[in-house]
Amino acid sequence: MGLLYLGTALTWEEVKKHADHVRFHGITQFLHTWDRLKDRKGDELLWGDEIEYLVVALNDAQKDARLSLRQTEILEKLSSICGDISSDCPESVSVPTFHPEYGRYMLESTPGSPYTGSIPDLLSVEGNMRYRRALARKHLKRHEIPLTLTSFPRLGVPGPFTEPYFDPADAISSHSLFLPEEITNPHVRFPTLTANIRQRRGSKVAINLPLFFDTETPRPFIDPTIPWERSIYPEDHEAKDGAALPDHIYMDAMGFGMGCCCLQLTFQACHVADARRMYDGLIPIGPILLALTAASPVWRGYLADVDCRWNVIAGSVDDRTEEERGLKPLDNSRFQIPKSRYDSVDMYISPDWINRPEYNDNPLPFDEGIYNRLRDHGIDDLLSKHISHLFIRDPLVVFSETIDQDDEKSTDHFENLQSTNWQTLRFKPPPPGSSIGWRVEFRSMEVQMTDYENAAFAVFVVLLSRVILSFNTNFYIPISKVDENMGRAQQRDAAQNGKFWFRKDVGSRHHSAASSAASSDCNSCCSSPVDESPKVKDKKMRNCFPDPPLPENGTNPLPIHEEYEEMTMNEIMNGKGDSFPGLLGLITAYIETLDIDTDELIKIHNYLDLVKRRANGSLITSATWIRNFVRSHPAYKHDSVVSAEINYDLVVAVDEIERGVRQATDLLPADYTGSKEDSGTIGL
Ligand code: ADP
Ligand code: MG
Ligand code: MG
Ligand code: MG
Ligand code: MG
Ligand code: MG
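See the structure below:
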């Protein structure tokens, strides 16, 4: 989350009147940023992760695990602790930062300052993540634990699932049948977002996840836990009037999606063109890593037939009107909009020649006035489309005190729209008044139960981002195929049984040319010239790269549909035949161009091995592990229901795995050692 401004939040009826104002000034603000920073070069690779936690309160006597709603107190405590640590040891480089999130039971942590591109920094990420977790754990109450579980299995069940208990009848922002008002972070931004999404849409959000039918699950399944006849809020009838589908798990509030935890990574690029190349390169990777990190098979007390959070979170903030959703002809709304504002990205934006126009084959409503304004300012077609597509949305939260801004100094109006387009990738312009450069955020991954796994996926994506730039890889496939992969990624066991569209020839022929060219061409933008190619002698991953190769004259490109095919996860990661080395093969080739000590190499390969084994099926995903745990629990009745007792045992097991006191050799390598020693050694 960005900074939380305190002020008077407008109701939806009021926000509407200011929507054009916010968009107009948002664009003015972006143009100022563009003018100042479009030619900025030489920013180094800095990167950072974000990890989100659920805080769970255990009642061992009653075998019950509930969400603890103490976010405000916990964050106050953690920020004062972190303040003390940094004043005690001023030279310490990175005192973690803890942030609020949507759920009042959630925490987010980031490293206090970003990591550099050095190999030691890359290898410090697990320790940093563990330190942050240990710090959080230490300052919770005795019976509370920080869990990196993507979805809380019993969020929204009848009866108590929070500590303390609140009745959903009081849900004045969401009007949910299931989630009380107190589930939401009390900062005015969050209840306002919730209420304004509902009002803009004209109904409650409606999410229906297919139920996992087990041997004893009744068919058809009409959910007995939905209060079908409640009549408190005007929307209460929606469930019985068709919003809640049979054979599905129905959810009706923002909290079901925004209350999930994920793992995000942000990378700074050398300059804006490289940021755009990296953004495009990572687009087809989004669904692949969603499938491989799948971790959320249980929702509102039921096993689902999907493994991931994505469709839940997309549905949970879907503020489109019926006209925008194509259910009614356009009258009051301006556009038909195919997707929620939380969804996969709709277009590639790199100006490279390898980005063929045919790849941008999704319907792309955009605001023509804004597009023309950006074009008139000299911004190219793709970036203008990207921004004017994001700006078809309305602002959702506007504070009366900050309607008028200094557009040269502030980017609040721009960020208002930018940061409520929650997509698989985010292209982040530099914030004003800072030394931060052009960045790309990778947002699709589910959080893993241990920091060893979170670090492994972070290391994998960091190295892949280097591969994309350094080898000029070409991962392009039509963006409609990427969207198809998003759907496939969420299917049960997709990592094991699924197939995904992927490019056959990723352009590995450019490897050697690219790595040796790095020595000369790079001087123009690197702050420190690279003069010892091909091995980089300062143990840094490269951040500045040669310009991408020019098109080879006389070679006619293949027809688009011959460029890609369906591959298994194992093929995408570990290679297929002689022509495609797999993403891990590319990473290994990249690592060989760096000067890395043997012990560092071993550590890197240890992380990559986890990714490899999840992909080849010799280790299972978190989602499969959770599903297996539920289905083999002695109290499970094979009826898809995850009872309070099963939930308690699951939460305890996840915590024990994380601490290394319980083994899970189908999920983790046999030599995984948990965090149980951490708090002793890091001197909290
Ligand atoms: P948001 O919630 O808006 O995505 P956060 O501030 O929570 O953003 O997290 C952003 C991440 O980016 C953190 O891990 C932080 O360490 C990292 N970061 C900070 N500065 C830079 C930078 N210049 N380049 C790359 N990453 C950065
Ligand atoms: Mg977050
Ligand atoms: Mg954040
Ligand atoms: Mg965030
Ligand atoms: Mg944010
Ligand atoms: Mg983020």
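Number 478 in the UniProt record's numbering belongs to position 24 of the sequence shown; there are no gaps in the numbering.
Virtual Cβ for every residue (Gly too), placed ideally from N, Cα, C.
Judged by the Cβ position, L923 fails to qualify as a neighbour of ligand 1 at the 8 angstroms threshold, every heavy atom of the ligand being at least this far.
Nearest neighbour of L508 by Cα position, chosen from L1012, C715, P751 and P805, turns out to be C715.
In the displayed model, C762 falls within coil according to three-state DSSP, outside both helix and strand.
Every unbroken stretch of the beta strand (DSSP E) spanning 3 or more residues and falling wholly within the region 643-694 is given here in chain order: 661-664. Between V894 and I1041, the C-beta gap is not smaller than 9 angstroms, which leaves the two residues out of contact.
In the displayed model, Q902 falls within coil according to three-state DSSP, outside both helix and strand. E778 carries a coil assignment under DSSP once its states are collapsed to helix, strand and coil. Of all alpha-carbon atoms in L561, D848 and R829, the one lying nearest the alpha-carbon of K839 is that of R829. Annotation for I791: R774, E778, P819 and I846 place their beta carbon closer than 7 angstroms to its own, counting only its chain and skipping 5 residues before and after. DSSP places K882 within a strand segment (E or B) once states are collapsed to three. Between F620 and L521 the beta-carbon gap is near 11 angstroms, outside 8 angstroms, which marks them as no contact.
Within the same chain, K953 come within 7 angstroms of T1022 by CB-CB distance, once the 5 residues on both sides are set aside. Of the heavy atoms belonging to ligand 2, none sits nearer than 8 angstroms to the Cβ of E683. Under DSSP, M1021 takes part in a beta bridge, and its partners are F954.
Around G780, the same chain offers Q790 as residues with beta carbons nearer than 6 angstroms, after the five sequence neighbours per side are excluded.
In the structure shown, Y1102 adopts helical secondary structure according to DSSP, grouped into three states. In the DSSP assignment, the residues bridged to N513 are D518. In the DSSP annotation of this structure, R893 is not part of any alpha helix (DSSP H); the continuous beta strand (DSSP E) holding it starts and ends at R893 to F896. Here W807 is exposed: its Cβ has fewer than 16 other Cβ atoms, across all protein chains shown, within 10 Å. In chain order, the residues with a C-beta atom nearer than 7 angstroms to some heavy atom of ligand 1 are M455, G456, L500, W501, G502, D503, E504, H553, E562, T564, P565, S567, P568, Q718, T720, F721, Q722, S873, I890, G891, R893 and E895.
Per DSSP, the beta-bridge partners of G502 are T720. With a threshold of 8 angstroms, the Cβ atom of R795 does not count as near ligand 6, since no heavy atom of the ligand is closer than that.
Between the alpha carbons of A1124 and I1111 lies a distance of about 12 angstroms. Three or more Cβ pairs closer than 8 angstroms define a contact, and the region 521-541 falls short of that threshold against the region 1029-1037.
When the beta-carbon positions are compared, K592 and T720 stay at least 9 angstroms from each other.
Under the DSSP assignment, I599 falls in the beta strand (DSSP E) whose first and last residues are E598 to L601. Under the 8 angstroms Cβ criterion, the region 494-501 counts as touching the region 721-732, having at least three qualifying pairs.
Taken atom to atom, the span from the alpha-carbon of P681 to that of P672 is near 19 angstroms.
Rounded to whole angstroms, I599 and V510 show a C-alpha spacing of 5 angstroms. The C-beta distance from S794 to M940 rounds to 12 angstroms, too long to meet the 8 angstroms contact threshold. At a cut-off of 8 angstroms, the beta-carbon of E506 counts as near ligand 2: some heavy atom of the ligand is closer than that.
Membership of T564 in the beta strand (DSSP E) is indicated by the continuous run M560 to T564.
Residue Y802 holds the alpha-carbon nearest to the alpha-carbon of L836 among Y802, D821 and A949.
Partner residues in the beta bridge of W876, as assigned by DSSP, are Y796. When secondary structure is reduced to three states using DSSP, S572 falls in the strand class. At least one heavy atom of ligand 2 lies less than 8 angstroms from the C-beta of C716.
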